[in-house]
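Adding 484 to a residue's 1-based position in the sequence shown gives its number in UniProt numbering. Glycine included, each C-beta is placed from N, C-alpha and C at the ideal position. Just below is one structure, and these are the notes that go with it.
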Amino acid sequence: ASSYFTLGGPSLLQDIQEVLYSEETIQNKIKELGETLSREYEGRNPLVICVLKGAFIFMADLVKRITVPIELDFMAVSSYGAATKSSGVVKIIKDLDVPVQGRDIIIVEDIIDSGLTLSYLIDVLERRNALSISVVALFDKPARRTVELEPDYRGFEIPDAFVVGYGLDYAEKYRNLPFVGILKPEIYTK
Ligand code: XMP
Ligand code: MG
Numbered sequence: 485a486s487s488y489f490t491l492g493g494p495s496l497l498q499d500i501q502e503v504l505y506s507e508e509t510i511q512n513k514i515k516e517l518g519e520t521l522s523r524e525y526e527g528r529n530p531l532v533i534c535v536l537k538g539a540f541i542f543m544a545d546l547v548k549r550i551t552v553p554i555e556l557d558f559m560a561v562s563s564y565g566a567a568t569k570s571s572g573v574v575k576i577i578k579d580l581d582v583p584v585q586g587r588d589i590i591i592v593e594d595i596i597d598s599g600l601t602l603s604y605l606i607d608v609l610e611r612r613n614a615l616s617i618s619v620v621a622l623f624d625k626p627a628r629r630t631v632e633l634e635p636d637y638r639g640f641e642i643p644d645a646f647v648v649g650y651g652l653d654y655a656e657k658y659r660n661l662p663f664v665g666i667l668k669p670e671i672y673t674k
């Protein structure tokens, strides 16, 4: 874990059972993803869409590694249902500020679980006549998929465990951790 989280006093760290992806591991992967995207989008001007809130840190770090001109925008969606499960019903909480018609779109997602959120988003953007749509997800849990959907670019394939940190939350907490880890089981049952 990063040292500034261990320097005494009350810390979010005491809720973490295990660090799965260190800050350095995540940053190295994002550098690779940025290089790949920069190659693939050479000569184009993609609109990079951050799916709030979970992807906000990934978005910030990723766009710094992209060397082609981009524009960016934010979208917030919510799925109804239990805190750690997706119900499949998706609602747009905040829509884009700009039209997507004729644009090359890169959707930036924190994690793909069932795939329902993303398949809904892709559907919306297709109906708005985007020129192309690709998905970059930092984390992917393929074992949990209920709809057919593969990210075009993926950071890490992870097992079916609920992870927090680096933008990802449990009940809105832990987003500010610089690494990704799993919570102690007692946190869920408190
Ligand atoms: P679906 O099932 O639509 O879900 O692919 C994607 C969204 O579910 C949330 N999610 C998680 N959030 N830790 C989290 O903090 C997790 O392990 C996790 N798995 C899914 C997340 O909001 C994602 O955008
Ligand atoms: Mg969430």
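Check	Outcome
Residues bridged to residue 591 (per DSSP)	533, 619
Given 8 Å, three or more beta-carbon pairs between the segment 494-504 and the segment 519-538	no
Exposure label - residue 615; buried when at least 16 CB within 10 Å	exposed
Any non-hydrogen atom of ligand 1 closer than 8 Å to residue 601 Cβ	yes
Residue 573 Cβ short of 8 Å to ligand 1 heavy atom set	no
Residue 514 CB to nearest heavy atom of ligand 1 below 8 Å	no
Local conformation of residue 638 per DSSP, three classes	strand
N-terminal and C-terminal residue of the alpha helix (DSSP H) that residue 547 is part of	540-547
C-beta contact flag for residue 590 and residue 561 at 9 Å	no
Touching by the beta-carbon criterion (3+ pairs, under 8 Å), the segment 653-662 and the segment 622-631	no
Whole-Å CB distance - residue 541 paired with residue 651, under 8 Å assumed	4 Å
Beta-carbon proximity list for residue 579, same chain, < 8 Å, skipping 5 on both sides	559
Contact under 9 Å by Cβ, residue 625 with residue 644	yes
Nearest candidate by alpha-carbon position, reference residue 504, set 667, 671, 600, 672	667
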